[in-house]
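Written out below as structure tokens is the structure these notes cover.
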Amino acid sequence: MDSLASQIAVVTGAGRGIGRAIALKFAHAGADVVCISRNPDNCGKVAAEIVALGRHAWPVALDVSDAGAVEAAAGKILADCGRVDVLVNNAGVTRDGLLMRLDEAEWDTVMDTNLKGAFLMTKAFTRAFVKQRGGRIIVISSVIGLIGNPGQANYAASKAGLIGFTKSVARELASRGITANIIAPGFIETDMTSELSEELKATVLRQIPMGRFGSVDEIAEAALFLAGPAARYITGQVLTVDGGMVM
Ligand SMILES: NC(=O)c1ccc[n+]([C@@H]2O[C@H](COP(=O)([O-])OP(=O)(O)OC[C@H]3O[C@@H](n4cnc5c(N)ncnc54)[C@H](OP(=O)(O)O)[C@@H]3O)[C@@H](O)[C@H]2O)c1
């Protein structure tokens with residue numbers, strides 16, 4: 008099923024975890040993919056996997072919180088690829104700590120990467136989307152942005168901020184044929200969650216009606232749906248993919 012045939016997608020945080028799964032899922036669906044991560048080895052490896060599938064891929068080492076670098080990279084991506092059809096803002100980090108111990112640098116790093124990064128990337132491609140009268144913007148938030156979590160005030164604020172940001176973008180760009188939607192994953196098995204203690208994992212599992220963590224592929228399936236033709240009349244929505252954790 009080539010639901011993204013001849014489409015070009017940009018995926019941030021594509022070097023590992025959920026972003027890697029989305030980049031590969033899109034390539035399997037026929038898309039060519041710009042793979043962005045900070046570490047050039049990580050995005051380079053994923054780009055090579057996509058080329059092995061017979062698609063084009065462009066690895067781009069970029070810090071999405073660096074305004075100048077994002078602007079320069081977006082210009083080069085548009086020049087090299089000719090167009091971009093789908094943007095997935097997935098890059099994200101955690102710097103956990105209880106509020107009384109949370110320092111300014113931990114707040115800033117999380118807000119700059121998760122929230123400002125999505126703003127910079129979306130802004131950088133919006134003119135092209137408007138010009139071509141179409142585009143799909145997908146933003147990876149988190150259930151933590153919906154319900155909060157002790158020790159993650161910075162992360163929850165960034166993820167809740169992404170929801171308000173994306174809904175505003177959806178309203179601004181709907182008349183141009185551009186959709187903007189949010190995926191709020193629950194607990195997914197990646198590097199980000201592998202650091203959790205067994206005790207915390209057991210506590211989290213008790214809150215998931217389906218009784219298991221999600222897989223990166225289950226988030227990639229949701230992204231593929233939102234990027235594909237079946238989702239053309241859906242915008243400004245939060246799609247929670249969490250085994251029933253938040254309902
Ligand atoms: N895992 C979960 O349970 C879960 C649940 C809800 C939401 N999410 C969200 O899903 C997204 C992906 O999570 P994940 O678990 O796949 O994370 P991950 O395994 O830690 O991978 C994060 C990716 O983001 C990239 N990245 C981080 N900071 C960046 C920056 N400043 N500029 C460019 N790229 C940057 C990393 O680049 P490098 O490869 O170069 O390090 C890496 O490729 C995040 O937004 C996260 O908040 C995850």
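If you're matching positions, the sequence shown starts at 8 in this note's numbering and goes up one per residue. Ideal Cβ positions, reconstructed from N, Cα and C, are used throughout, including at glycine.
Using only the alpha-carbon positions, how far apart do residue i and residue j sit?
| i | j | result |
| --- | --- | --- |
| I185 | L106 | 38 Å |
| L60 | R108 | 47 Å |
| A68 | V17 | 13 Å |
| V100 | R143 | 23 Å |
| T116 | A81 | 22 Å |
| D73 | T129 | 13 Å |
| H35 | D9 | 7 Å |
| V253 | S149 | 11 Å |
| Q244 | R213 | 27 Å |
| P236 | G141 | 12 Å |
| R23 | D224 | 12 Å |
| A76 | P216 | 42 Å |
| L246 | N188 | 8 Å |
| F126 | E78 | 12 Å |
| K166 | A86 | 31 Å |
| E228 | A112 | 34 Å |
| A238 | I195 | 23 Å |
| A28 | R45 | 17 Å |
| L31 | I147 | 16 Å |
| G250 | T210 | 15 Å |
| N163 | W114 | Reading off the sequence, residue 163 comes out as Ala, not Asn. Answer to the nearest angstrom: the Cα atoms are 11 Å apart. |
| K52 | K83 | 20 Å |
Should residue i be listed as close to ligand 1, given that the test is whether its C-beta is under 7 Å from any heavy atom?
| i | result |
| --- | --- |
| N97 | yes |
| V176 | no |
| L69 | yes |
| M118 | no |
| T173 | no |
| D198 | yes |
| P66 | no |
| A21 | yes |
| I57 | no |
| R45 | yes |
| V17 | no |
| F194 | yes |
| V77 | no |
| A121 | Position check: residue 121 holds Asn in this sequence, whereas Ala was assumed. Checking every heavy atom of ligand 1 against the Cβ of N121, one is found closer than 7 Å. |
| I29 | no |
| G24 | yes |
| S72 | yes |
| V211 | no |
| S149 | yes |
Decide if residue i is buried, meaning its Cβ has at least 16 other Cβ atoms within 10 Å, or exposed.
| i | result |
| --- | --- |
| I154 | exposed |
| A191 | buried |
| N121 | buried |
| R62 | buried |
| P47 | exposed |
| S201 | exposed |
| S2 | Absent from the model: residue 2. The displayed extent of the chain is 8 to 254, so no value can be given. |
| D110 | exposed |
| A181 | exposed |
| P66 | buried |
| D198 | exposed |
| L169 | buried |
Considering only heavy atoms of ligand 3, does any lie closer than 7 Å to the CB of residue i?
| i | result |
| --- | --- |
| G243 | Of the ligands this structure carries, namely ligand 1, none is ligand 3. |
If we define contact as Cβ-Cβ less than 8 Å, is residue i a contact residue for chain B?
| i | result |
| --- | --- |
| A163 | The structure shown has no chain B; it contains just one protein chain. |
Enumerated in chain order, which unbroken segments of the alpha helix (DSSP H) with a length of 4 residues or greater are wholly contained in the stretch 122-199? Correct list: 124-138, 151-154 and 160-180.
Please list the segments of the alpha helix (DSSP H) lying wholly inside the stretch 34-77, counting only runs of 4 or more residues, in order along the chain. Runs of the alpha helix (DSSP H) inside the stretch 34-77: 47-59.
Report the start-end ranges of each alpha helix (DSSP H) in the stretch 11-36 that is 4 residues or longer and not cut off at the edges. You should have 24-35.
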